[in-house]
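Novice:
Chains as they are written, first to last, in my numbering: chain A, 332 to 785; chain L, 332 to 785.
Here it is as structure tokens:
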């Protein structure tokens, strides 16, 4: 061994509590509004689709939320995840920067998503839920919830966007291996699905339709609840195990980040790494720059409006104040499917609006190039979402080189790309483009915002 | 935390030496013979395709072979791998057995193969090789060597069986992401390839043809060497990091295995876990049963002849004494591609012939059923090869239950199944069968053995 490459914690160092950023915010979050009344929603409005424990977490402003032992027991299958020092990438870049990454791809589903899936499955089981419904696009979230459902003996129905159901059978096979029931959406099982099929028998589906189907089934059945993989406060809360572990591991490395970088779609991956560091800073601790990276094709934080909007395209959800491209905005078909969301979680939007974090939008091609460079240096092929963080990290490291300064850069490698090799195939075949967003469509979608004042 | 689930070692506990079983054998291995002269091959016969360091390891009878620091540095990207206690599987089986598994799926390529790929790439680089060639079927070995080549700056040419090249593009994309050149075999690049194409322009290729192409290129070029992913002594040697780590981790668990189980195709995965335990036993240490598991469709150890045979179908390799179904035997197309080899490594064959280990052959369907059961209990979807070990483990655990005794069972989970979801899809769709071997074809292939006496 000539140098230390990674920092491992034993399983008894899995955090005992999640960190809740709401406790340290300089200003409280804008309330979530009922779309009918325009009034703030309360716990009662959420109970038809979420169990009481998660509703309480959604509203909580306690700084620490204890992680139940059964959740830590399942986390222990892969957590604490390793923190790596990217020494080979540093050498390839000839940079004086110290680059670290927290690697979430070691989870059974290959990404960070199980951090919240396990917690949500546990609380639903604990509160008496008999069945969970959810939606999935390419299948990363659906397979994570299927995994968690299997471990807690909770059946999971996944409404999967039909085009993915047919064209991406491998994530579907993963869900079925875990015992989940996978339904192509739109389906004949729900009113929303039947209504779409009546008008468009050949509909290939959309995430918006799939959400509508999953929520409808949860509302319709007393024993069934709904689970969401990002955006909401309790989901971001569960992801903070990532940053809490990273803090301890950076201390093992006798270092601390000057910059924390993560990609952001709905916001849960970003929050997981960044919130514990931001909280420390807000409480008067160490200063650290925090950067959210999004695709140029879906530039929510950098080009969206900070306004009330629906979380789904079918307008079934409450209104949330967030950065949004408008719920009718359809981003182009870039391969980082997890970053193609029209909105951004209210918590991440709030801290961006307060100027507490930075954001940048990057093009698809430079991100894939960065991903390939990373794979050849560090050995891990990153998921397309994570290549956005990597591109930003390389820029930062190149800036260090140009300035002749050494900064510590920490980023979140949210998942491996083993299920995304078609994207790399297309990249090498020269089939990918830098899909800029459609300026006219964005204007139209922004004009369509419900226009509710805070 | 209510119970310990896994045992982790820090990276400075990566073994400092591989374990060489040749040092502890009660009888020496039969010599490898030159196919032309019938005489034992010496180092000079191997140097056209392997670098001097690896030729020396192939012949070595030293008990410990030091692992160079640059190899340990790369191992540290994912090693030491975790040892898990399969408590959820134990509960699901209601067995008093203690089940442990060593998980090699956390490597960048998702299997145990990089353990030797990294070592082979290092020694080739060290000995001045400028380019490596190899063959690959589904791509597990090719992607591992591509990964290792990338980290040591060594270009890799992978001759990939054409049918896999066309039908399984994802492993190919993984190799190309690591920078390897992937060539559909048979190709126009080699005499062997051109000869096949002249006779069969539509040839879909075979592992035998791909080996011939890779070896031909290594022989033809002074600066190019060949790398093999299993069978040979030095390959098995490199895999012993698995068992050496497991021994230390079992001690952390304050336990020791009564039975060690691993699947066996060419033998390197089996050897990696089993040889350190067998060596300890042979030196008068703790008694432990050791079981190799193979598919019923390719029952090399259980139904093959122990005889001299070629390693490839084209008869370019030296003659090795091994359990073999005959080099002309073509196993049916089961999904555990890594277990479809007509022979078995000479070292594993030797210890089986000496009665030092057990072997059993299992059907494909019961193995997939065991794999699904494992995934739903432990969360990890196993590669089809590894499901063979899991099926054997479940049987052993059920025997413990029937007997009312608790034994410690240790097995090697050689890789995850994220690249094998088509196999699970076919399994759930009822498309898989128990492909028994063809008794008549086996007899014919055995009759075709070269008939060289030891």
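Glycine included, every Cβ here is placed at the ideal spot set by N, Cα and C.
Whose CA, out of L:424, L:681, L:339 and L:582, lies closest to the CA of residue 437 (chain L)?
Specialist: Looking at the Cα atoms, L:339 is the closest of the given residues.
Novice: Can you tell me whether residue 498 (chain L) is buried or exposed, with buried defined as 16 or more other CB within 10 angstroms of its CB?
Specialist: So residue 498 (chain L) counts as exposed.
Novice: According to the Cβ coordinates, are residue 716 (chain A) and residue 669 (chain A) closer than 7 Å?
Specialist: Yes. Within cutoff.
Novice: Taking 8 Å as the limit between beta carbons, can you name the residues of its chain near residue 620 (chain A), skipping five residues before and five after?
Specialist: Around residue 620 (chain A): 589, 590, 591 and 689.
Novice: With DSSP as the reference, label residue 410 (chain A) as helix, strand or coil.
Specialist: In the structure shown, residue 410 (chain A) sits in coil (DSSP, three-state: anything other than H, G, I, E or B).
Novice: For residue 643 (chain A), count neighbouring C-beta atoms within 10 Å of its own C-beta (all shown protein chains included) and say buried if the count is 16 or more, exposed if not.
Specialist: Residue 643 (chain A) is buried by the Cβ-count criterion.
Novice: What would DSSP say about residue 713 (chain L), mapped onto helix, strand or coil?
Specialist: It is a strand residue.
Novice: If the criterion is Cβ atoms closer than 7 Å, does the pair residue 625 (chain A) and residue 595 (chain A) meet it?
Specialist: Their beta carbons are under 7 Å apart, which means residue 625 (chain A) touches residue 595 (chain A) by this criterion.
Novice: Would you mind telling me which residues of chain L sit closer than 7 Å to residue 749 (chain A), beta carbon to beta carbon, in chain order?
Specialist: 441, 749 and 750, listed in chain order.
Novice: Is residue 437 (chain A) close to chain L, meaning its C-beta is less than 7 Å from at least one C-beta of that chain?
Specialist: So yes, residue 437 (chain A) belongs to the interface.
Novice: What three-state label does DSSP hand residue 604 (chain A) in the structure shown?
Specialist: In the structure shown, residue 604 (chain A) sits in a helix (DSSP, three-state: H, G or I).
Novice: Shortest alpha-carbon distance to residue 483 (chain L) belongs to which of A:362, A:710 and A:385?
Specialist: Nearest of A:362, A:710 and A:385 to residue 483 (chain L), Cα basis: A:710.
Novice: Are the beta-carbon atoms belonging to residue 604 (chain A) and residue 388 (chain A) less than 7 Å from one another?
Specialist: Cβ atoms of residue 604 (chain A) and residue 388 (chain A): not closer than 7 Å.
Novice: Do residue 441 (chain L) and residue 746 (chain L) have their CB atoms nearer than 7 Å?
Specialist: Yes, these two residues count as a Cβ contact at 7 Å.
Novice: Just the chain A side, please: which residues come within less than 7 Å of residue 755 (chain L) by C-beta, in chain order?
Specialist: Correct list: 504 and 508.
Novice: Does the CB of residue 336 (chain L) have a neighbour CB from chain A at under 7 Å?
Specialist: Cβ-Cβ to chain A under 7 Å: yes for residue 336 (chain L).
Novice: Go ahead and label residue 734 (chain L) buried or exposed: buried means 16 or more other beta carbons lie within 10 angstroms of its beta carbon, across all protein chains shown.
Specialist: Answer is exposed; the Cβ neighbour count stays below 16.
Novice: Please state whether the Cβ-Cβ distance between residue 407 (chain A) and residue 336 (chain L) is less than 7 Å.
Specialist: Cβ atoms of residue 407 (chain A) and residue 336 (chain L): closer than 7 Å.
Novice: Buried or exposed: which applies to residue 343 (chain A), given that a residue is buried once 16 or more other Cβ atoms fall within 10 Å of its Cβ?
Specialist: By the neighbour-count rule (16 or more Cβ atoms within 10 Å), residue 343 (chain A) is not buried but exposed.
Novice: Name the DSSP beta bridge partners of residue 556 (chain A), please?
Specialist: Answer is A:463, bridged to residue 556 (chain A).
Novice: Given that residue 333 (chain A) touches chain L, what residues does it touch there, using C-beta distances under 9 Å?
Specialist: Going along chain L in sequence order, the residues near residue 333 (chain A) (Cβ under 9 Å) are 400, 401, 403 and 404.
Novice: Taking the straight line between their C-alpha atoms, what separation do you get for residue 631 (chain A) and residue 428 (chain A)?
Specialist: Between residue 631 (chain A) and residue 428 (chain A), the C-alpha separation is close to 29 Å.
Novice: Ends of the alpha helix (DSSP H) at residue 578 (chain A)?
Specialist: Counting along the chain, the alpha helix (DSSP H) containing residue 578 (chain A) begins and ends at 572-583.
Novice: By a C-beta neighbour count over all protein chains shown, 10 Å radius and 16 as the cutoff for buried, is residue 346 (chain L) buried or exposed?
Specialist: Under this definition residue 346 (chain L) is a buried residue.
Novice: Could one say the Cβ of residue 710 (chain A) lies closer than 7 Å to chain L's Cβ atoms, at least one of them?
Specialist: By this cut-off, residue 710 (chain A) is an interface position.
Novice: Considering only their Cβ atoms, is the gap separating residue 597 (chain L) from residue 676 (chain L) smaller than 7 Å?
Specialist: Closer than 7 Å, so yes.
Novice: Please check if any C-beta of chain L sits within less than 7 Å of the C-beta of residue 742 (chain A).
Specialist: Output row for residue 742 (chain A): interface = no.
Novice: Spell out a yes or no on whether the region 441-450 of chain L and the region 744-759 of chain L are touching, meaning 3 or more CB-CB pairs, one atom from each, closer than 8 Å.
Specialist: Result yes; three or more Cβ-Cβ pairs closer than 8 Å.
Novice: Name the two residues that bound the continuous beta strand (DSSP E) containing residue 660 (chain L).
Specialist: It is not in any beta strand (DSSP E) - residue 660 (chain L) carries neither H nor E in the DSSP assignment.
Novice: For the region 478-503 of chain L, which residues have a beta carbon sitting closer than 7 Å to at least one beta carbon of chain A?
Specialist: Residues 478, 481, 482, 500 and 501.
Novice: For residue 414 (chain A) and chain L, any beta-carbon pair shorter than 7 Å?
Specialist: Residue 414 (chain A) does not count as touching chain L.
Novice: Say whether chain L places a C-beta atom closer than 7 Å to the C-beta of residue 703 (chain A).
Specialist: By this cut-off, residue 703 (chain A) is an interface position.
Novice: Is the beta carbon of residue 480 (chain A) closer than 7 Å to that of residue 487 (chain A)?
Specialist: Yes, the Cβ-Cβ distance between residue 487 (chain A) and residue 480 (chain A) is below 7 Å.
Novice: Using the Cα positions of residue 649 (chain A) and residue 782 (chain A), report the straight-line distance between them to the nearest angstrom.
Specialist: Roughly 14 Å between the two C-alpha positions.
Novice: On a CA-only basis, which of A:348, A:420 and A:369 is nearest residue 395 (chain A)? Give me that one, please.
Specialist: Among A:348, A:420 and A:369, the Cα nearest to that of residue 395 (chain A) belongs to A:348.
Novice: Cα-Cα, which of A:769, A:759 and A:611 is closest to residue 511 (chain L)?
Specialist: Out of A:769, A:759 and A:611, A:759 has the C-alpha closest to the C-alpha of residue 511 (chain L).
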